[in-house]
Amino acid sequence: MEKPKWLKGLFVVIVFMAITVAALWLSGAMFYILNKANPLGKTNLWTWLEYWQSYQYEPAIAKKLKTSIFIAFTACYGVFIAATVAALRDTPFLHGNARFATEGEIEKAGLFAKEGIIVGKFKNRFMLFDGLQFALLAAPTRSGKGVGIVIPNLLSYPESVVVIDVKQENFMITSKYRAQHGQECYLHNPFATDGQTHRYNPLSYVSDIPRIRILDIIGIAHIFYPGYGKDKFFDESARNLFLGLALYLFETPDMPRTIGELLRQGSGKGQPVKEYLQTLIKERNYKEVETTTKGEVKKTGPISNRNLTKPEEKKIELVPIVEWDGKGHPPLSNECVDALNRFLSTSDNTLSSILASFNAPLTIWASPIVDAATSGNDFDLRDIRKRRMTIYLGIPPNKLAEAEILTNLFFTQLISLNTDKLIHSTPEIKYPCLLLMDEFTAPGRIEIIDKANAFLAGYGLRLLTIVQSPSQIKTEPRRGYGKEGGETLMTNHALKILFTPDDQKTANEYSEMLGTYTFKAQSINIHERSKGSESDQRRSLMLPQELHEMSLAKQIIRIGNTKPILCEKIFYYADHVFLDRLKSVSPSLAQLDDSKLKQRLRKLGVNMKAKPSQKTFESIWGAGELAIAIPPLDYGLHEAIVQARNRPLVLADVEQGIDLSKLAINTSAISLPDTDNLSEEQIEDFVDSFFDTLDMADDSQQAEPDDNLVDDIEDENLDDELSNVIEIDDGDNKDNGPQLNDKTIELTA
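Under our numbering, the letters of the sequence shown match residues 88 to 836, in that order.
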C-alpha cells in the first residue's frame with residue numbers, strides 16, 4: 088500500500104533531527120580532543136553550546152570550537168549522504184537479481200485497479216488488469232482456468248464479452264447473472280440437437296449494395312479456401328465457384344441466403360452440377376425466340392426445267408435478355424454468370440477436383456441442425472460495441488474439429504465488422520468488448536487476429552487468450568500462427584498468467600523467463616581447512632522441477648516493468664464475492680444461507696455464509712437454474728422450408744392467430760403501415776399488396792393459377808379468418824372492399 092506523503096515527510100524530519108543531535112554531541116567531543124583532553128564521561132549534548140557561549144569572543148578557543156563543529160557535522164551528514172547514495176545506486180549482480188514482486192511493486196504496476204480483467208489474488212486482494220491491453224493464460228487441462236479466470240470475469244466484467252464456451256458451463260453458470268445486470272445474452276451452439284441455440288448467419292453480413300457485395304463474399308470465401316501450399320489452385324477455383332453461387336442466392340429474391348442453401352445449389356439439386364448450373368444461366372439470362380426461314384427455290388437438275396420450293400422452317404433460338412420485362416426473376420448479373428462460366432469452362436476432371444475442394448469445408452452444413460442454426464440472425468455482431476452483449480459460442484468438446492471452420496468464420500466476421508471505427512469515435516460506439524478465447528488454437532489460425540492484433544485495442548477489442556502452453560500458438564499454420572507470428576502475438580499480450588506446467592519443455596521456458604539471481608557460495612579446500620574462498624554463483628529464481636511442484640493454488644504473473652508476481656489463484660465456488668452473485672439469481676443457492684444454524688448465528692452477530700458442496704453446486708447449475716431460457720429452434724419447420732413441403736391453410740391454423748413464420752410466403756416483403764389511421768385508399772393498397780404476396784407464393788407452387796372468384800360466402804369466411812391478423816376498415820360502403828382471388832394460402836408443413 089502506498090504510504091501517505093505526510094508520513095514520509097515525518098520520517099525525513101526525524102532522520103535529520105537524529106543526525107543533528109549526533110553532530111552536536113560529536114562537536115563537543117571533538118573540542119575536547121582538539122584540546123588534548125579525554126572526551127569520555129565529560130561530553131554531553133550541550134557541551135559545545137556551553138563552551139561557545141563562554142568563549143566565543145576568545146579567538147584561540149573560538150577557532151577550535153568552529154573547527155570541531157565543522158568536523159562533526161561534515162562527518163555525520165557526509166556519512167549519511169554517502170550511505171544514501173550507495174543504497175540508491177544499482178548494485179551490479181554478476182548473474183542477475185531476480186526475485187518476486189512485493190505488494191508495493193504490484194500496486195505500482197496498477198494491478199490493484201477497481202475494474203478490468205480479474206487475473207488473481209495477492210494477500211486476499213483481487214488483482215485487476217485495467218485498460219485495453221491483452222492478457223494471456225497458459226494453463227494445462229483441468230488446472231483451474233475456468234474456475235480461476237473465465238467464470239470470475241464473466242461474473243464481474245461489466246462490458247461486452249464474446250466467449251468460446253467449449254462445454255457450455257460458462258453459459259449455464261453465468262448467463263442469468265449477466266442478463267439480470269443489463270447484458271443481452273446469447274448462446275450460439277450450431278450442434279444443439281435439442282434446438283437450444285440462437286442463430287448466426289454468416290451471409291447476413293454481406294452487403295445489399297452490388298458493388299460492395301462481391302468483396303464481402305470473397306472475404307468469406309477466403310476463410311473457407313485460404314489457398315495454402317499445394318491446394319492453392321483448387322482453393323482459388325473453389326473460391327470463384329463460391330462467389331458465383333453466393334451471387335446467385337443474392338440475386339434470387341425467394342432463395343434463402345445461407346451457407347446451407349449455397350451447398351445445396353453447388354450439389355446440383357439432384358442433377359449433374361454442370362448441367363444444373365448451365366440450366367440456371369439459360370433460364371435466367373436467355374429467352375426463346377422463334378425465327379422463320381423463308382422457302383428457297385432449288386433446281387431439281389440440269390435436265391429438268393422445273394424448280395422446287397423448299398418449305399419455310401421455324402426455329403427456336405436462345406438469345407440473351409437485354410432488358411428485363413419484370414416477369415419472374417431478373418437476369419443474373421455479369422459477375423455471377425462470369426464466375427459460374429469460369430467454373431463450367433474447365434475440363435471434366437478439373438471440374439470434379441474443384442467441386443471436391445468446394446464441398447470439403449462446407450460439408451458440415453449438410454447437417455440440418457447446423458443449417459438451421461445458421462439460417463438466420465438472432466443477434467448482430469455489429470452491435471457488440473453499441474450495446475452491452477454477451478455471446479457464448481458453445482462448441483461441444485467432441486465437435487471441436489468439425490466446428491473449426493465455423494469458429495474461424497465467426498471470429499473473423501466479428502473482428503472485421505468491428506474494426507471500421509475506433510472506440511468512442513462516435514457516441515454509439517462506447518462499449519469495449521472482451522474476446523475470451525478459451526482453447527484459442529482450436530479454430531486454427533484466425534488470419535485477421537494474426538495480422539491485426541497490434542491495433543485491435545484501438546477499436547475496443549481486447550483479447551484474453553487461453554492456451555494449454557505457449558508452444559501451441561507457435562505451431563505452423565493452419566493449426567497455429569507459426570514461430571514468428573506466434574512470438575509477435577505473444578509479445579502483444581502485455582500480461583501473462585502462468586499455471587503449474589505439466590511438461591518439461593514448458594517448465595524450462597518458464598524457468599528461463601523468470602530469470603536468475605546471484606548468491607555467494609563458500610568453497611573449502613579439504614586439504615587446508617583453514618583456507619576457503621567465496622564466489623558469486625548463479626541460480627534460477629525457480630528451477631524447472633520447482634515449477635513442476637508449484638502448488639495448484641499458486642500462479643505466476645508476468646507484466647512489463649515489474650518483477651514476476653507469485654500470487655494465488657481464484658476459486659469462484661469458494662469465494663463469497665462470486666457465490667453471493669450467483670445466490671442473487673438462484674433460489675436454491677440462496678436457501679443455503681437460511682438454515683436454522685445460520686439464522687441463530689446471525690442473531691448472535693456472526694455472519695456465516697454457506698458454501699455449497701461441489702455435488703450440490705453442479706446439480707443446481709446443471710438443472711439450468713443459473714442460465715437464461717432459450718426458445719428452441721423448430722427443426723421440423725426449417726426442414727419443411729428447405730424441402731418446400733407445403734399444405735393448404737385450414738381454419739384450425741388461424742384459430743389462435745397465424746404464426747407468420749409458418750406461412751409459405753416471404754413475410755419480409757410485406758410492409759406494415761406506419762399508422763393506424765389509414766384512408767380507404769391506403770387500406771385497399773395494403774390489402775392488394777398483401778394478396779399480391781400470396782399470389783407470388785402461389786405462382787412458385789402452381790403452374791397455372793386458378794383465377795375463379797370466390798363466392799360471397801367464401802369471401803366472408805376468408806375475411807373472418809384474416810381478421811385475426813389484419814383489421815380492415817371497410818368504411819360505410821361495403822361494396823368497396825377488395826376482390827379476393829381463389830388462391831390457396833400455403834402453410835409450411
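For every residue, glycine included, the Cβ atom is placed at its ideal position computed from N, Cα and C.
Just so you know, these numbers come straight off a predicted model, no measurement behind them.
Quick one, are the C-beta atoms of residue i and residue j less than 8 Å apart?
i: residue 215; j: residue 194; result: no
i: residue 587; j: residue 628; result: no
i: residue 369; j: residue 363; result: no
i: residue 483; j: residue 665; result: no
i: residue 516; j: residue 510; result: yes
i: residue 263; j: residue 714; result: yes
i: residue 530; j: residue 494; result: yes
i: residue 518; j: residue 549; result: no
i: residue 118; j: residue 141; result: no
i: residue 330; j: residue 348; result: no
i: residue 286; j: residue 461; result: yes
Following the continuous beta strand (DSSP E) through residue i, name the residue where it begins and the one where it ends.
i: residue 733; result: 733-735
i: residue 549; result: 548-554
i: residue 267; result: Careful: residue 267 lies outside any beta strand (DSSP E) and carries neither H nor E.
i: residue 204; result: 204-209
i: residue 642; result: 641-646
i: residue 477; result: 476-481
i: residue 212; result: 212-216
i: residue 239; result: Looking at the DSSP string, residue 239 is not in any beta strand (DSSP E); the run it does join, the alpha helix (DSSP H), is 238-241.
i: residue 221; result: 221-225
i: residue 248; result: 247-252
Counting C-beta neighbours from all protein chains within 10 Å, is the total for residue i 16 or more, i.e. buried, or is it exposed?
i: residue 733; result: buried
i: residue 725; result: buried
i: residue 101; result: exposed
i: residue 322; result: buried
i: residue 137; result: exposed
i: residue 144; result: exposed
i: residue 229; result: exposed
i: residue 303; result: buried
i: residue 104; result: exposed
i: residue 411; result: exposed
i: residue 161; result: exposed
i: residue 647; result: exposed
i: residue 95; result: exposed
i: residue 532; result: buried
i: residue 743; result: exposed
i: residue 761; result: exposed
i: residue 405; result: exposed
i: residue 402; result: exposed
i: residue 98; result: exposed
i: residue 320; result: exposed
Nearest CA to the CA of residue i: which residue from the options?
i: residue 442; options: 251, 353, 490 and 427; result: 353
i: residue 413; options: 715, 372 and 591; result: 372
i: residue 599; options: 167, 185, 128 and 142; result: 185
i: residue 492; options: 774, 475 and 446; result: 446
i: residue 650; options: 679, 703, 583 and 706; result: 583
i: residue 591; options: 150, 303, 191 and 227; result: 227
i: residue 211; options: 707, 751, 656 and 221; result: 656
i: residue 661; options: 701, 450 and 636; result: 701
i: residue 538; options: 320, 525, 523 and 573; result: 573
i: residue 595; options: 631, 575, 563 and 518; result: 631
i: residue 497; options: 464, 336, 181 and 514; result: 464
i: residue 561; options: 579, 585, 528 and 541; result: 528
i: residue 653; options: 668, 637, 663 and 286; result: 637
i: residue 749; options: 522, 759, 735 and 124; result: 735
i: residue 196; options: 268, 778, 559 and 644; result: 644
Just reading off the alpha helix (DSSP H) that residue i is part of, what are its end residues?
i: residue 424; result: 421-431
i: residue 371; result: 360-372
i: residue 457; result: 455-460
i: residue 600; result: 591-601
i: residue 539; result: 534-539
i: residue 401; result: That residue, residue 401, is in no alpha helix (DSSP H); its beta strand (DSSP E) goes 400-407.
List the whole-angstrom C-beta distance separating residue i from residue j, where the pair is believed to meet the contact cut-off of C-beta under 8 Å.
i: residue 241; j: residue 249; result: Contact doesn't hold; Cβ gap of about 11 Å is too wide.
i: residue 459; j: residue 273; result: 16 Å between Cβ atoms; not a contact.
i: residue 488; j: residue 219; result: Actually they are not in contact, since the Cβ atoms of residue 488 and residue 219 sit about 33 Å apart, beyond 8 Å.
i: residue 255; j: residue 481; result: 4 Å
i: residue 564; j: residue 577; result: Actually they are not in contact, since the Cβ atoms of residue 564 and residue 577 sit about 16 Å apart, beyond 8 Å.
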